[in-house]
Structure formats: C-alpha cells, structure tokens
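A quick write-up on the structure given underneath.
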Amino acid sequence: MAEVRSPAHPAAPFAHWQRHLTGYAFVGPALLTLCAFIVYPIVYSLWLSFHDWNGYTAQWGPFVGLRNYLDLAQDEIFWKSAVNSVVFVVARTPFEVGIGFALALLLNRELRGRSLLRTLFFVPVVLSLIVVTILFQRIFEANAGLLNTSLREVGLGVLTRPWLGDTSTALPVVIAISIWKNVGFSLVILLAGLQGLPHEVLEAARVDGADRWQLVLKVITPLMRPILAITAMLSIISGLKVFDLIFILTRGGPTYSTEVFATLLYRQAFELNDMGTASAIAVIMVVVIMGTARLQTLLLRE
Amino acid sequence: MTALDAAARPDKATAQTRRPTRWLESGGVWAVLLIALILSIGPGLYLISLSLMDTPQIFGGRVLAWPIHPENYPQAWIVTRIGQLYWNSIYISGISTAITVAISALAGYGLGRIEFFGKRIVYALILVGLTIPLQIALIPLFANLKTLGLLNTPLALIGPYTGFGLAFGTYIMKGFFEELPRELEEAARIDGAGDLRIFATIMLPLTRPALATISIFLFLQNWNEFLFALTFITEESRRTLPTGIYSLISTEFYGNYPLLAAGLVLFSLPVLVLYFIFQQQFIEGLTAGALKQ
Numbered sequence: 156m157a158e159v160r161s162p163a164h165p166a167a168p169f170a171h172w173q174r175h176l177t178g179y180a181f182v183g184p185a186l187l188t189l190c191a192f193i194v195y196p197i198v199y200s201l202w203l204s205f206h207d208w209n210g211y212t213a214q215w216g217p218f219v220g221l222r223n224y225l226d227l228a229q230d231e232i233f234w235k236s237a238v239n240s241v242v243f244v245v246a247r248t249p250f251e252v253g254i255g256f257a258l259a260l261l262l263n264r265e266l267r268g269r270s271l272l273r274t275l276f277f278v279p280v281v282l283s284l285i286v287v288t289i290l291f292q293r294i295f296e297a298n299a300g301l302l303n304t305s306l307r308e309v310g311l312g313v314l315t316r317p318w319l320g321d322t323s324t325a326l327p328v329v330i331a332i333s334i335w336k337n338v339g340f341s342l343v344i345l346l347a348g349l350q351g352l353p354h355e356v357l358e359a360a361r362v363d364g365a366d367r368w369q370l371v372l373k374v375i376t377p378l379m380r381p382i383l384a385i386t387a388m389l390s391i392i393s394g395l396k397v398f399d400l401i402f403i404l405t406r407g408g409p410t411y412s413t414e415v416f417a418t419l420l421y422r423q424a425f426e427l428n429d430m431g432t433a434s435a436i437a438v439i440m441v442v443v444i445m446g447t448a449r450l451q452t453l454l455l456r457e
Numbered sequence: 008m009t010a011l012d013a014a015a016r017p018d019k020a021t022a023q024t025r026r027p028t029r030w031l032e033s034g035g036v037w038a039v040l041l042i043a044l045i046l047s048i049g050p051g052l053y054l055i056s057l058s059l060m061d062t063p064q065i066f067g068g069r070v071l072a073w074p075i076h077p078e079n080y081p082q083a084w085i086v087t088r089i090g091q092l093y094w095n096s097i098y099i100s101g102i103s104t105a106i107t108v109a110i111s112a113l114a115g116y117g118l119g120r121i122e123f124f125g126k127r128i129v130y131a132l133i134l135v136g137l138t139i140p141l142q143i144a145l146i147p148l149f150a151n152l153k154t155l156g157l158l159n160t161p162l163a164l165i166g167p168y169t170g171f172g173l174a175f176g177t178y179i180m181k182g183f184f185e186e187l188p189r190e191l192e193e194a195a196r197i198d199g200a201g202d203l204r205i206f207a208t209i210m211l212p213l214t215r216p217a218l219a220t221i222s223i224f225l226f227l228q229n230w231n232e233f234l235f236a237l238t239f240i241t242e243e244s245r246r247t248l249p250t251g252i253y254s255l256i257s258t259e260f261y262g263n264y265p266l267l268a269a270g271l272v273l274f275s276l277p278v279l280v281l282y283f284i285f286q287q288q289f290i291e292g293l294t295a296g297a298l299k300q
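Which chain is which? The protein sequence lines are V and E, in order.
So for the first sequence, the working numbering puts the first residue at 156; every next one is plus one.
So for the second sequence, the working numbering puts the first residue at 8; every next one is plus one.
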C-alpha cells in the first residue's frame, strides 16, 4: 500500500476533494465494468435463486424462498457432483504441486537448455482445453485409441477398457488429463519461487555440511512453504471451477460419474431450463470457492 | 545455481571420487527430465501426427503418420470454415483485450498512486474479481443479453471478457504503478502537470513490460474461452474458434478425424506462435501475479 500523499496544492481550498475525484476518474471505468459484470450478476443470481424461472418467459416465475436450495439438498445428483468436485480437487492438487515442485527442483540448477525445457513444459498450459480434450478423447478411445492399442501390442490386452465410458475410470482419467495440462503452471511459479530464495541461507546450510536431500527437505521446502501454499490454492480454486474439460470429454457421464458443480449448473440451466435451481448452484459455487480462498488466506497468515 | 551440486559433502569427497557420482547424478536428472518432457509434449506431437494421417491409419491405431497426408490442412481450412472462425476469434479477443488493458491501466494508476476515499473497497472488489467463477454471471448475462437482443453479436462476448479480465489486468498494473519511484511524479507536479499528463506521458511508458504481459495473457484467455462463447453465440457463422470446433465434433466431423486434427493444429498455431515469441513476458506476468499475493 502506498503511503498517503499530501494534496498537490495544499493552499487551494478544494484540493483535497479534487484528489478523491481524480482517484474515481481513474478507477471509474473499471468500477462500472466490475459492477456490470460481477456485482450485478452476483445480486441477480442470488435473487433468481429464490425464484422459479424457465428462461423463456419475459417475467420470472413465482418467489419460492429456499425451495431451490432444499431441492438440491435432497438431490442425489447434486451431492454426487459436490463429491466429485471435491475428489477432483483433492486428487489433482497434490500431484500438480508435487510434480511441479519436483521438476522445478530439477530445473533449478545450471543446466544446458533449462529455459527451453521450462518453455516446453509450459506448452500444455497454453493449449486450449478443446484441443486437449479432443486429443485425449482419441488417446483414451475404446477401440483404436492410442492407449488401448499400445496395451494390446505389449500383451496387456486384459487391461484395455473404454476408459471414459467406464464409471470407475472416467473420473480418474479426467483428473489425470487435468494434471497433465496444469503441471507446467505450478512448475513455472515454483521455479520462480526457488530462484528468489535467499542465497545466504542456502550457502550457510551447505557450509554446515547438509547434503542434497537435507537441503531440499530441511531448508528449501520450509522456505518455499508460502509459495507452495499459493500454488496449491490456485490449483484448488481453478479445480472447483472446472467446466470445459469435463463438459467436452464426458458431459458429466457416464451416469454422473464425472458430474461436477459447473457441468451440473449448465445442464440445469440450458438443458432442463431450470434457471432458479441453476442459480442456486452458482451461488453455492461462489460460497464454496470464496470460502476456500478465504480459509487459505487465513491459514497462510499463520 | 549450483547450490545443490556443490552441497555433496565437500569435506569428504575428493575430485576423483566425486566425478563418477556426479556424472551418474546428472545422467539421472536428465533421464527424469526427458521422461517428463516426453509425457508433456508427446500428446501434442501425436496430434500433429494424427493431422497428417488418413482415416484408415487412424483406425489402424498408427502412432506415426506414414505416408503423410499434408492435404488434410488445405481441406480442413476449407471444410471447417476455419477462416471465418479465425476472424471472429481475432476480432473478439483483440477488441476485448485492448479495452481491458486500457481500463486496467487507468485503474492501476488510480489504485497504485492516488489516495482516495473508498479505495480499499474498490481494491477488495478487484480481489473478488480474481477468484469469482464465471458461472455466477452465466445466467444473468444470458438473460440480459437476450432481453437486449445482443445474443449472437460480438458484444455478447466483448463485454463479459472485459469484465472478467479486468481484475487480473488491474491487479498487475497496480503492482507496477506502485513500484515506480515518487520522484518521477514530483518533478512533473512542480512543473504543474496534472494526473492525466503524469499518467499518460511519464508513468505509462514505463509500464510497457506490464502492458505486454497482461495483453498477451488476456488475449490467450479470451482466445481459449469456452463457456460464455458456448452459451451466448449459437449461430454457426458467428462462433469463435473453440466453440466452432466443438460444434464441428458434434456434427459431420465426428468420423473425419484427420480433418478435425488438422483443424485443431490450425487453431493452436497462432497461440503457440504468440507464446513462443512472448513467453518471457507471459511467464513473468503469471509468476508476478501469483507470487505477489
């Protein structure tokens, strides 16, 4: 935070007010846009979540109080999607951060081609999810997919299965693809963090005779804790929002085994034309995501 | 950066005994990195290979395309109408990015260099914008765009993209403006320059790296955006690339995988070129955004 600045012309009578107005002149456009696209939609969704509406009539349907929320509470599919969202995040984040950290440690040294490697590891992050999804659909396809063909070729034909069409493997496969896509992101942040560590501390530990593993476990990892936590938080938040990947790959199926908050919301709104319940899901998503972010900041502060 | 290497028991190991283990170690490091690299870019290379196959090769489970069929590309270009999709995407992503960057720069200056009443609330709103899911705005925007007759127009995406890119843009710009030295503006103030002039002629040129970073980041984000584009644009000729390609797979192209793969490569190309040219700014922007929190 910048310190409070004295007004430009202390002698002028309205200089102080002018300062406030100038501030608003600069943030005004941003403030208006944020109100239009973030504040207003939040209020709208919250209010709509207490109503029935099919999305077609000009007017919303009747006020129904908390009924949309109560319906969700009794809806097995909603709970399934909540559990899947949590499983998605809990299974994904440790791998994303863990693999990213391991690779960052390996890259944090004098190594020919280091920056080329960093660039290449980051490519999956840049690719559009539609590209990634269609590509992996082909790899995991049941008959002529790369994975099953390869398994058959090395004599492991018994392991072949319709990976994305099987309720027991669909979610793990989706999670694996997501990890593949995002590891580069964690890697890049963690590598930047490693390069920002104080040299003197590492030097001191080295002089004290710490070997490489001790250095990583006892010195580097504790120093990196805040950055590891931030990386994990970014992964958790983006994980709770996941939509494109699952929508294109499985549409939440087979039999809701990959249904998450965002795909359920979309289906509720645009396939079942139940805008009230869909808005209730949106509100729940916001509460869960903002709550998680808040919780993390509080934990980080300690 | 050789901190780790040099740490291996400097007192005990002599140069002779250390050498073989060091070779072994760096060999191990390279092996791990190489496997990770194959896993990470292998699927992308496989996609390129797919785009050069014909259908029998694909359904025969081939990994490498041979003989290659480069004619897939011109065909895909024509059949997928990808030219139109390109134009729509460039137009919509470009305009949204330009508007977002302009508004973010102004707001970044306001938040970074001016003390005004209610600034903390404005900043809190920016932070909320960083984490809030797009989904909260999906139905409200859909309903309002419909009422205003704006569905299936470029504005249906330009507005929301600006709104949701703004938080990131402002957040980064604020950080940069804050760090510029105060002397810069004091000299100008004595000369009687107002904030607008200080902003436009003194400060803004210095934030060029930040402007480049957020431009690239926002452009890529808009280029790849799927949910809003899927919901607000339903007319085929007005779609952007991601949803245009998505609607192709649900129609005639499902069976014609080579053309689809070629289309996917064509779609990714501009993004990859942009990324390889500007990767430094892009990665710096990301890490700056993440590490400052």
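Ideal Cβ positions, reconstructed from N, Cα and C, are used throughout, including at glycine.
(request) Anything in chain V within Cβ reach of E:Pro167, meaning under 9 Å, just list it in chain order. (result) Numbered from its first residue, the second sequence carries residue 167 of chain E at position 160. Those within 9 Å of E:Pro167 in chain V are Phe192.
(request) Taking V:Thr304 as the query, report the chain E residues whose CB atoms sit under 8 Å from its CB, ordered along the chain. (result) Taking the first sequence and counting its residues from 1, one reaches residue 304 of chain V at position 149. Residues of chain E passing the Cβ test: Gly68.
(message) Between E:Gly136 and chain V, is the shortest Cβ-Cβ distance under 8 Å, so that the two count as touching?
(response) Residue mapping note: residue 136 of chain E aligns to position 129 of the second sequence, counting from 1. So, interface residue.
(request) Pick helix, strand or coil for V:His206, following the three-state DSSP scheme. (result) Here residue 206 of chain V is taken as the residue at index 51 of the first sequence, counted from 1. It is a strand residue.
(request) Check the Cβ of V:Thr188 against every Cβ in chain E and list those closer than 7 Å, keeping chain order. (result) For the purposes of this step, residue 188 of chain V is taken as the residue at position 33 of the first sequence. Here the neighbours are Ile110, Thr169, Gly170 and Leu173.
(request) Compare the C-beta of E:Leu310 with all C-beta atoms of chain V and state if any pair is closer than 8 Å. (result) With chain E running from 8 to 300 in the structure shown, residue 310 of chain E is simply not present.
(message) Quick check: E:Asn95 and V:Leu284, are their CB atoms within less than 8 Å of each other?
(response) Working through the second sequence from its first residue, we reach residue 95 of chain E at position 88. Working through the first sequence from its first residue, we reach residue 284 of chain V at position 129. Their beta carbons are not under 8 Å apart, which means E:Asn95 does not touch V:Leu284 by this criterion.
(request) Report the partner residues of V:Phe218 according to the DSSP bridge assignment. (result) Within the first sequence, the letter at position 63 stands for residue 218 of chain V. V:His206.
(message) Just to confirm the assignment, what range does the alpha helix (DSSP H) spanning E:Pro249 have?
(response) Here residue 249 of chain E refers to the residue found at position 242 of the second sequence. Counting along the chain, the alpha helix (DSSP H) containing E:Pro249 begins and ends at Leu248 to Ile256.
(request) To the nearest angstrom, report how far apart V:Arg269 and V:Leu352 are at their CA atoms. (result) The sequence position of residue 269 of chain V within the first sequence is 114, counting from 1. The sequence position of residue 352 of chain V within the first sequence is 197, counting from 1. Answer to the nearest angstrom: the Cα atoms are 18 Å apart.
(request) Would you mind sorting V:Lys373 into buried or exposed? The rule is 16 or more other CB atoms within 10 Å of its CB. (result) In the first sequence, counting from the first residue as 1, residue 373 of chain V sits at position 218. Exposed, since its Cβ has fewer than 16 Cβ neighbours within 10 Å.
(message) At the level of alpha carbons, what is the spacing between V:Asn411 and V:Trp335?
(response) As a position in the first sequence, residue 411 of chain V is number 256, starting the count at 1. As a position in the first sequence, residue 335 of chain V is number 180, starting the count at 1. Per the sequence shown, residue 411 of chain V should be read as Tyr rather than Asn. Cα-Cα distance, rounded: 23 Å.
(message) Using the Cβ count rule (16 or more neighbours within 10 Å means buried), how would you classify E:Leu57?
(response) Along the second sequence, read from residue 1 onward, the residue named residue 57 of chain E stands at position 50. Looking at its Cβ environment, which holds 16 or more other Cβ atoms inside 10 Å, E:Leu57 is buried.
(message) Please confirm whether V:His175 has its beta-carbon closer than 8 Å to some beta-carbon of chain E.
(response) For this step, residue 175 of chain V is matched to residue 20 along the first sequence. It does: the Cβ of V:His175 has a partner Cβ on chain E nearer than 8 Å.
(request) Kindly indicate the opening and closing residues of the alpha helix (DSSP H) around V:Met430. (result) As a first step, residue 430 of chain V must be located in the first sequence, where it is residue number 275. Segment Met430 to Arg456, the alpha helix (DSSP H) holding V:Met430.
(message) Using C-beta distances below 8 Å, list every residue in its chain close to V:Gly220, excluding the 5 sequence neighbours before and after it, in chain order.
(response) Counted from its first residue, the first sequence places residue 220 of chain V at position 65. For V:Gly220, where only same-chain residues beyond five positions count, the Cβ hits under 8 Å are Phe205.
(message) I want to verify the contact list: residues of chain E whose CB lies under 8 Å from the CB of V:Lys396, in sequence order.
(response) Translated into positions along the first sequence, residue 396 of chain V becomes position 241. Within chain E, the residues near V:Lys396 are Pro140, Leu141 and Gln142.
(request) Within the region 21-65 of chain E, note down every full alpha helix (DSSP H) run reaching 4 residues or more, in order along the chain. (result) 22-58
(message) Using only CA atoms, which one of V:Ala433, V:Leu378 and V:Tyr199 lies nearest to V:Ala417?
(response) Position 262 of the first sequence, counting from 1, holds the residue named residue 417 of chain V. Of the candidates V:Ala433, V:Leu378 and V:Tyr199, the one whose C-alpha sits nearest the C-alpha of V:Ala417 is V:Ala433.
(request) Assign E:Gln287 to one of two classes, buried (16 or more other C-beta atoms within 10 Å of its C-beta) or exposed (fewer than that). (result) Your numbering for residue 287 of chain E matches position 280 in the second sequence. Label assigned to E:Gln287: exposed.
(request) Taking only runs that begin and end inside the region 103-191 of chain E, name each unbroken alpha helix (DSSP H) of 4 or more residues, in chain order. (result) 126-138, 142-154 and 162-186
(message) So for E:Gln288, helix, strand or coil by DSSP?
(response) Here residue 288 of chain E corresponds to residue number 281 of the second sequence, with the count starting at 1. In the structure shown, E:Gln288 sits in a helix (DSSP, three-state: H, G or I).
(message) Assuming V:Tyr411 is part of the alpha helix (DSSP H), what are its boundary residues?
(response) Position 256 of the first sequence holds residue 411 of chain V. That residue, V:Tyr411, is in no alpha helix (DSSP H); it is neither H nor E in DSSP.
(request) Given a cut-off of 8 Å, decide if V:Thr386 and V:Val252 are closer than it, judged by their beta-carbon atoms. (result) As a first step, residue 252 of chain V is located in the first sequence; it is residue number 97 there, counting from the start. As a first step, residue 386 of chain V is located in the first sequence; it is residue number 231 there, counting from the start. Taking 8 Å as the Cβ cut-off, V:Val252 and V:Thr386 qualify as a contacting pair.
(message) At the level of alpha carbons, what is the spacing between V:Ser236 and E:Val278?
(response) Stepping through the first sequence from its first residue, residue 236 of chain V is reached at position 81. Stepping through the second sequence from its first residue, residue 278 of chain E is reached at position 271. Cα to Cα, the separation comes out at about 33 Å.
(message) Along the chain, where does the alpha helix (DSSP H) containing V:Val287 start, and where does it finish?
(response) For the purposes of this step, residue 287 of chain V is taken as residue 132 along the first sequence, with counting starting at 1. Per DSSP, V:Val287 belongs to the alpha helix (DSSP H) from Leu284 to Ile294.
(request) Closer than 8 Å, Cβ to Cβ, to anything on chain E: give me those residues from the region 223-240 of chain V, in chain order. (result) none
(request) Just mark V:Leu187 as buried or exposed, buried being the case when its beta carbon has 16 or more other beta carbons within 10 Å. (result) Along the first sequence, read from residue 1 onward, the residue named residue 187 of chain V stands at position 32. Exposed: under 16 other Cβ atoms inside 10 Å.
(request) Would you mind telling me which residues of chain E sit closer than 9 Å to V:Thr274, beta carbon to beta carbon, in chain order? (result) Here the question's residue 274 of chain V lines up with position 119 in the first sequence. Result: Tyr282, Phe283, Gln286 and Ile290.
(message) Quick check: V:Phe181 and E:Gly117, are their CB atoms within less than 8 Å of each other?
(response) By one-based count along the first sequence, residue 181 of chain V stands at place 26. By one-based count along the second sequence, residue 117 of chain E stands at place 110. Yes, these two residues count as a Cβ contact at 8 Å.
(request) Could you check what DSSP says for V:Ile391 in three-state terms: helix, strand or coil? (result) As a working mapping, residue 391 of chain V is identified with position 236 in the first sequence. DSSP places V:Ile391 in helix when its eight states are reduced to three.
(request) Give the residues from the region 413-438 of chain V that approach chain E closer than 9 Å (Cβ to any Cβ), ordered along the chain. (result) Phe416, Ala417, Leu420, Tyr421, Ala424, Phe425, Met430, Ala433, Ser434, Ile436, Ala437 and Val438
(request) Whole angstroms is fine: what's the gap from V:Leu319's alpha carbon to V:Leu342's? (result) If you number the first sequence from 1, residue 319 of chain V lands on position 164. If you number the first sequence from 1, residue 342 of chain V lands on position 187. Approximately 28 Å between the Cα atoms of the pair.
(message) Nearest by alpha-carbon distance to V:Asp207: which of V:Ala437, V:Asp429, V:Leu301 and V:Ile439 is it?
(response) Residue numbering aside, residue 207 of chain V sits at position 52 when the first sequence is read from its first letter. Comparing Cα-Cα distances from V:Asp207 to each of V:Ala437, V:Asp429, V:Leu301 and V:Ile439, the minimum goes to V:Asp429.
(request) Less than 8 Å between the CB atoms is what I'm expecting for E:Ser111 and E:Thr177, so what's the real figure, rounded? (result) Numbered from its first residue, the second sequence carries residue 111 of chain E at position 104. Numbered from its first residue, the second sequence carries residue 177 of chain E at position 170. Sure, about 5 Å apart at Cβ, within 8 Å.
(message) For V:Val356 and V:Leu261, what's the separation of their Cα atoms in angstroms?
(response) Numbered from its first residue, the first sequence carries residue 356 of chain V at position 201. Numbered from its first residue, the first sequence carries residue 261 of chain V at position 106. Computed Cα separation, rounded: 19 Å.
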